[in-house]
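Contents: one structure, followed by commentary.
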Amino acid sequence: MHWLFIPAFCILQLVSGQSECFFPNATAIDASNLGGSGLHEYVPCNTAGTAYSMCCRTNTTDTPDTCRPDGLCESFGGGGVWRDSCTDARWESQYFVALCLSGTDDRGDPWGQMNAPVTVCDDGSYCCGNTVSYERNYLSGPDCCAANQGVFLENGRPTSINPNANASTSSSASSAAGKDGPSSTPAKEIPARTIVIGVIGGFAGSALVVLGIRLVMIQRNLRANLAARESATLKLPDMINYVNPGWGPCEAPTYVGEYTREELRGEAIERPQLDGNQRLEKG
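Right, dumping it as structure tokens:
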């Protein structure tokens with residue numbers, strides 16, 4: 000049976016080593032830095048199999064802490080919020096909360112060698128220190144919030160941009176749209192008969208439009224053909240000075256166009272010129 004003891008002991012040591020919690024300065028939690036008690040009360044919050052996790056004082060029945068979703072710890076009965084230890088001694092894991100790692104409290108003690116008290120400001124940011132009295136009184140937190148010097152956390156990392164601002168704006172816009180927007184009452188169903196009549200009416204209207212266009216084009220073609228025929232009809236040439244008022248000789252009409260009068264061919268007859276004293280004698 001002794002051969003079973005060795006693997007069991009190794010497994011126990013492995014689990015014990017993985018569950019050990021460290022301050023940001025890589026100091027492991029022990030009885031000396033916890034006031035001589037509570038050595039095994041600080042255990043990892045995340046037991047879902049991740050490599051590292053933040054630790055809180057939850058392994059106790061005497062006013063245990065609560066692991067918050069943001070990775071911080073909340074003391075029993077509203078005793079304040081704390082940034083506690085982490086299972087990663089180097090504090091390089093993505094699972095630790097990088098808050099209050101440097102700097103000192105009002106007594107000059109470094110934040111990196113302790114479970115640091117934290118004040119959650121009204122705007123959702125965080126400041127190191129609070130007004131909860133345990134071994135010491137931390138006053139820096141409220142002053143930090145009043146000066147708007149808090150930092151926000153996004154995936155455990157500090158940032159100056161409020162990650163909840165966009166979500167809050169979207170929520171307000173959705174609420175406004177719900178109040179002022181259209182009613183959620185479902186639309187009244189349109190009978191199938193009405194739809195069929197509408198479709199038939201649409202086709203009939205389109206057919207009438209096409210027929211009207213066709214009639215207009217036919218009428219235009221008829222007018223064009225008629226004009227072409229009239230222009231092709233021969234007309235008599237226009238005549239000038241053809242009116243005979245009823246006396247005197249009737250002059251031959253003069254035509255405009257290609258019709259011209261031809262002079263009669265023959266010999267010219269010379270007529271003698273008479274003086275006033277000469278008479279024309281008969282021969």
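Sequential numbering of the sequence shown, starting at 0, is according to numbering that gives the first Met the number 0. Just so it is clear, CB atoms sit at the ideal spot from N, CA and C, and this is done for glycine as well. Keep in mind that this is a model prediction, so the values were computed, not measured.
- With 16 or more neighbouring CB atoms inside 10 Å of its own CB, G149 falls in the buried class.
- Burial of P116 is indicated by the presence of at least 16 other C-beta atoms within 10 angstroms of its C-beta.
- A25 and H39 have their C-alpha atoms some 18 Å from each other.
- 8 Å or more divides the Cβ of L71 from the Cβ of P157.
- Closest in alpha carbon position to T86, among V215, N114, Y51, is Y51.
- N154 is not a Cβ neighbour of D122, given a cutoff of 8 Å.
- With respect to L152, V80 sits apart: the two C-beta atoms are not nearer than 8 Å.
- Taking 8 Å as the cut-off, the Cβ atoms of F21 and M113 do not count as close.
- Exposure of T46 is indicated by the presence of fewer than 16 other C-beta atoms within 10 angstroms of its C-beta.
- Taking R82 as reference, the option from N224, N163, Y125, A223 with the minimal CA-CA separation is Y125.
- Only exposed fits T60, as fewer than 16 other CB atoms lie within 10 angstroms of its CB.
- Note on M53: 16 or more other CB atoms within 10 angstroms of its CB, so buried under the neighbour-count rule.
- For M216, the three-state secondary structure derived from DSSP is helix.
- Annotation: S74 to N163 spans about 24 Å, alpha carbon to alpha carbon.
- Following the DSSP letters along the chain, one finds C85 in no beta strand (DSSP E), marked with neither H nor E.
- The C-beta of S101 has fewer than 16 other C-beta atoms within 10 Å across all chains shown, which makes the residue exposed.
- Contact annotation, T118 with G128: C-beta distance approximately 6 Å; criterion of less than 8 Å satisfied.
- Excluding its 5 nearest sequence neighbours in each direction, D64 has C-beta neighbours in its own chain below 7 Å: C55, R56, T57, C72, E73, S74, F75, listed in chain order.
- Sorting Q218, A27, V42, V209 by C-alpha distance to the C-alpha of A88 places A27 at the top.
- Inter-residue distance for F202 and L210 is about 12 Å (C-alpha atoms, whole angstroms).
- S84 sits buried, since 16 or more C-beta atoms from the chains shown fall within 10 Å of its C-beta.
- The three-state secondary structure of C55, taken from DSSP, is strand.
- Your pair Y94 and T49 checks out as a contact, with CB atoms roughly 6 Å apart and the cut at 8 Å.
- In the DSSP assignment, F151 falls within the beta strand (DSSP E) that extends over 151-153.
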